[in-house]
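A.B. asks: Numbering (the UniProt record's numbering), first residue to last: 1 to 220.
Structure below.
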């Protein structure tokens, strides 16, 4: 029997507890007096900065930043007409990367009484070193799955020897259809939220890391 060409795909997946939390937050105020609105926003922002600075010194926060104060005014709708008085708004954005999940909870609790602070998102992540290690391990596992599948097909055909001819990321095998290649590694961080600074679910969500490869093998 002539050599048989076998094409297969191998996948691997691992769920891992996150190590980092990238928090997006903002201080927002509004009112009838522009100066008073800006003053309240600045006072709240100063408290947030002080606390983040303390956590950074402790090592619980690996990096953080704050934006400049954005101020604008408008006349909101009151029924079918615009209000006669201007409303002024001030916003200051913050981002912080927490390496200590417990410290994140403490930070949120400490600022819970500040109605001007809103946490808009928490993005759970892995460190670069951990992500690289897991991706390498999964790549090895995915190739092993591909080899195992090719061997199973060969055995079903009564063939005993399987030799690799080509291994590639999904969509990159020679002669494959010109569809956009799927990423070799996919990572998803999920978050539950109820809205508002107190509605964000701070429980870490497992991160799914996956790998996929395609291979061609000759069997004889």
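In this text, a Cβ means the ideal position worked out from N, Cα and C, and glycines have one as well.
Is the Cβ-Cβ distance between residue 99 and residue 166 less than 9 angstroms?
C.D. replies: no
A.B. asks: State the CB to CB distance for the pair residue 70 and residue 49, rounded to an integer number of angstroms; the pair is presumed to be in contact (CB under 8 angstroms).
C.D. replies: Residue 70 to residue 49, Cβ: 16 angstroms. No contact.
A.B. asks: Give me the DSSP bridge partner(s) of residue 219.
C.D. replies: 4 and 162
A.B. asks: Three-state secondary structure (DSSP) at residue 85?
C.D. replies: coil
A.B. asks: Does residue 198 pass the burial test, meaning 16 or more other C-beta atoms within 10 Å, or should it be called exposed?
C.D. replies: Residue placement at residue 198 is poorly supported in this model, since its pLDDT is 49, which falls under 50; the coordinates still yield a value, given next. Label assigned to residue 198: exposed.
A.B. asks: Taking the straight line between their C-alpha atoms, what separation do you get for residue 19 and residue 123?
C.D. replies: Rounded to the nearest angstrom, the two C-alpha atoms are 11 angstroms apart.
A.B. asks: Considering Cα atoms alone, identify which of 159, 205 and 171 is closest to residue 218.
C.D. replies: 159
A.B. asks: Compute the beta-carbon to beta-carbon distance between residue 95 and residue 202, rounded to the nearest angstrom, for a pair I have assumed lies under 8 angstroms.
C.D. replies: Between residue 202 and residue 95 the Cβ distance is about 16 angstroms, and since that is not below 8 angstroms, they are no contact.
A.B. asks: At the level of alpha carbons, what is the spacing between residue 110 and residue 51?
C.D. replies: 9 angstroms
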